[in-house]
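Presented below is the structure to which this report refers.
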Amino acid sequence: MKKYLPLIVLAVLAVLPLIGLSTYTMHMIILVIMWATVGMAWNLLAGYCGQVSFGHAAYFGVGAYTSGILYSHLNMSPWWGIPISIVVVTIFSFLLGLMVLRLRGPFFTLATLAMGEVMRVTAENLVWLTGGSTGILIRERTWIDKTHYYYIILAIAVVTFLVIKLLVRSKMGYYFMAIREDQDAAESLGINTTLYKTIALCISGALTGIAGAFYTNYMGYIDPEVVFALHDVSIVTIMIVMVGGVATLSGPFVGAAIMVLLAELVRSQLADLVRSMPSLGAAHQVFFGILLILIIIFLPNGIVGDFQKIKRMFRVGGACK
Amino acid sequence: MESFLQTLIAGVLLGGLYALIGIGMTLIMGVMKIINLAHGELMMVGMYIAFWMFAKYGIDPYLSVVIASPILFFLGIFIQKFLVNPVLKVDSILPENQVILTVGIGMVLANLATILFTSDYRSTPVSYATKAWYLSDYWNNAPIELSLSFPWTVSFVFAVVITGILWFFLSKTDTGKSIRATAQDLDAALLMGVNVKRMRVVTFGLGAGLVGAAGCLFIPIYYLYPSLGGKFTLIAFVITILGGLGSTIGAIFGGLILGIFESMTATYVGMGWAPVGRFLIFVVALIFLPGGMASLLKKKRMRK
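These protein sequences, in sequence, are chains A and B.
Counted the way my numbering counts, the first sequence spans residues 252 to 572.
Counted the way my numbering counts, the second sequence spans residues 11 to 314.
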């Protein structure tokens with residue numbers, strides 16, 4: 252049963268648009284899948300390889316801007332951004348890796364955070380290339396209907412899922428985990444840690460970049476504040492995986508579903524209140540923060556990772572007796 | 011030449027204030043071995059305390075230092091005792107959990123501030139805000155004209171005084187010495203009978219109190235909005251890395267370097283690029299000087 256669960260979920264997702272969901276629901280589902288993709292990519296680098304990055308907005312943004320710049324400067328369809336961003340973001344990740352992968356633990360975390368911010372400020376100031384804070388607007392939408400976008404992001408998510416699943420089960424995946432557990436020990440066992448960390452970073456970056464390129468096509472508008480955002484991209488990504496489950500394959504999906512729906516729920520429930528008190532627009536962020544704190548204290552490995560613990564909690568008079 | 015000197019003065023004044031923010035973070039990092047990414051948000055809380063004291067009761071922001079710091083001290087103790095400590099105990103795959111926890115705390119603080127106080131920009135319109143000293147007033151026919159802003163100078167002096175008191179506390183008192191011992195070697199400190207657990211709590215409170223004081227010093231010269239915390243968190247950790255983790259003297263140097271560098275970039279490259287300069291110096295420090303200024307100082311001492 253467990254073995255076929257991903258296939259069943261995929262089959263359900265594949266026929267989902269056929270039952271005629273509203274545009275709004277489709278939009279939510281597309282966002283969930285997109286964030287799950289970014290979460291899976293982050294999870295490869297952080298959850299499996301142990302390099303906690305606070306700067307995934309850099310890859311997301313570079314991917315998004317690849318698409319946007321192709322459109323605004325070369326007059327190409329922004330869809331070309333998806334294949335081209337793979338190349339661009341991989342090179343970008345490699346160059347970034349040369350700098351940040353020399354660092355370990357919290358230093359790496361902070362360096363990536365700084366890199367994300369550097370990219371944002373650079374994008375804001377390189378007006379001739381990126382359009383600065385005005386951003387890039389894709390004038391022609393390819394489809395009005397959301398179904399096409401849905402299948403494209405679903406395909407991207409499935410590919411990401413398969414890539415990560417294969418990687419994690421391969422020898423390289425075990426190298427990643429060895430690096431996570433103890434880098435010195437891994438090095439002394441003959442694992443070229445720099446090489447494998449670079450590989451993890453490049454793959455993770457490229458997958459995030461694809462999601463970024465999709466974002467440009469789907470939303471039709473990007474600006475540095477949105478795609479290079481520290482809180483709304485980098486930290487949301489981390490929260491998705493932390494809530495869902497670090498170093499689990501399905502965790503990012505669970506996390507993304509919870510985060511996107513929670514944000515939407517708070518926003519729609521408080522909609523009337525917000526109209527009278529605009530400052531409540533940030534309310535969902537407070538819930539995010541509280542949820543993150545609770546998850547880290549009580550379920551440090553996320554909902555999927557600590558599923559057994561949750562089960563035990565709800566079993567009356569279980570094995571703990 | 012004139013603009014260069016003026017920029018240098020502005021940089022030093024800014025750097026002194028930055029140093030105060032950095033010291034709080036470096037203390038926490040030295041003792042707890044965690045990076046407090048809620049540091050800027052704590053400063054934001056301090057700034058709001060100073061702001062409301064001014065707006066409601068007309069208390070001068072500089073006097074609010076003695077109000078905001080104790081409040082922040084207890085807030086820090088609360089965070090350490092009830093949020094950070096439980097996380098230090100649980101077992102998880104990623105050791106960076108504590109860092110992510112502080113991000114969560116920062117988010118809650120920043121967004122609660124948005125909800126409670128709206129995201130309007132605020133400032134304290136103190137009477138001396140635009141007062142300044144000019145060189146030509148004191149030295150007739152001076153070759154160059156330099157000015158010294160009154161609130162900037164007062165904030166700088168306050169920052170220096172607070173740093174001095176902190177230095178006295180850390181090097182002369184029992185608690186201060188215990189904090190330094192804990193930072194140097196946790197196990198050895200434990201064996202020497204230092205109450206490590208309490209030192210951790212005190213340090214977090216101290217760091218929070220310091221940054222609260224920094225917030226009060228910043229508000230007469232800066233404006234205030236709920237999401238400013240992130241910016242100052244970044245500044246604080248750049249200083250910490252520049253100075254060397256856990257090194258107080260390093261943090262002072264780091265703050266000064268950053269302040270000068272930032273005002274130089276703002277003058278000679280462009281206002282918008284100042285943050286890039288900040289990160290550039292950060293990445294360069296991480297790669298070429300991983301131990302920070304503290305390692306340079308140590309090397310010099312060894313050679314002697």
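For every residue, glycine included, the Cβ atom is placed at its ideal position computed from N, Cα and C.
Remember, predicted model here, so these are calculated numbers, not experimental data.
query: Residue nearest to residue 274 of chain B in terms of C-alpha spacing, selected from B:12, B:11 and B:18; result: B:18
query: Pick from B:163, B:146 and B:49 that is closest to residue 140 of chain B, judged by C-alpha positions; result: B:163
query: Chain-ordered residues of the stretch 378 to 398 of chain A with a beta carbon less than 8 Å from chain B; result: none
query: Backbone secondary structure at residue 564 of chain A - three-state DSSP; result: helix
query: Interface residues of chain B facing residue 375 of chain A [CB-CB closer than 7 Å]; result: 282
query: Unbroken beta strand (DSSP E) run spanning residue 165 of chain B, endpoints; result: Not the beta strand (DSSP E): residue 165 of chain B falls in the alpha helix (DSSP H), residues 160 to 182.
query: Element boundaries [beta strand (DSSP E), containing residue 469 of chain A]; result: It is not in any beta strand (DSSP E) - residue 469 of chain A instead sits in the alpha helix (DSSP H) that spans 444 to 470.
query: Cβ-Cβ separation, residue 337 of chain A to residue 457 of chain A (assumed contact under 8 Å), whole Å; result: 5 Å
query: Residues sharing a beta bridge with residue 143 of chain B, DSSP; result: B:158
query: Rounded straight-line distance, which links the Cα of residue 154 of chain B to that of residue 117 of chain B; result: 47 Å
query: Closest Cα partner of residue 250 of chain B within the set B:266, B:196 and B:235; result: B:266
query: Check whether residue 308 of chain A and residue 353 of chain A have beta carbons under 9 Å apart; result: no
query: Three-state secondary structure (DSSP) of residue 571 of chain A; result: Residue placement at residue 571 of chain A cannot be trusted, given a pLDDT of 49 that sits under 50; the coordinates are not used to answer.
query: Euclidean distance between Cα positions of residue 91 of chain B and residue 434 of chain A; result: 31 Å
query: Bridge-paired residues (DSSP) for residue 387 of chain A; result: A:473
query: Host alpha helix (DSSP H) of residue 286 of chain A (start-end); result: 274 to 294
query: Minimum C-alpha distance to residue 473 of chain A - residue among A:390, A:544, A:397 and A:280; result: A:390
query: Cutoff 9 Å: residue 571 of chain A Cβ touching any chain B Cβ; result: At residue 571 of chain A the pLDDT is 49, less than 50, meaning the model places this residue with poor confidence; the figure from the coordinates comes in the next sentence. False, the Cβ-Cβ gap to chain B never drops below 9 Å.
query: For residue 353 of chain A, the three-state DSSP class (helix, strand or coil); result: coil
query: Proximity of residue 253 of chain B and residue 218 of chain B at Cβ, strictly below 9 Å; result: no
query: Chain-ordered chain A contacts of residue 115 of chain B [CB-CB under 8 Å]; result: 540 and 544
query: Contacts around residue 120 of chain B, its chain only, beta-carbon distance under 6 Å, and the 5 residues preceding and following it disregarded; result: 51, 236, 237 and 239
query: Interface flag, residue 245 of chain B vs chain A, CB-CB below 9 Å; result: no
query: Residue 198 of chain B at chain A interface by Cβ criterion, 9 Å; result: no
query: Reference residue 551 of chain A, options B:191, B:97, B:143 and B:35, closest by Cα; result: B:97
query: Contact list for the stretch 72 to 94 of chain B against chain A, Cβ threshold 7 Å; result: 93
query: Burial state of residue 107 of chain B (16 or more Cβ within 10 Å); result: buried
query: is_contact[residue 61 of chain B, chain A] using C-beta, thresh 9 Å; result: no
query: Cβ-based neighbour list, residue 331 of chain A, same chain, cut-off 6 Å, excluding 5 preceding and 5 following; result: 321
query: 9 Å Cβ cut-off: residues of chain A touching residue 41 of chain B; result: The contacting residues do not exist; residue 41 of chain B stays about 15 Å from chain A at best.
query: Assigned exposure category for residue 572 of chain A - 16 Cβ within 10 Å defines buried; result: At residue 572 of chain A the pLDDT is 41, less than 50, meaning the model places this residue with poor confidence and gives no usable figure here.
query: Cutoff 9 Å: residue 276 of chain B Cβ touching any chain A Cβ; result: no
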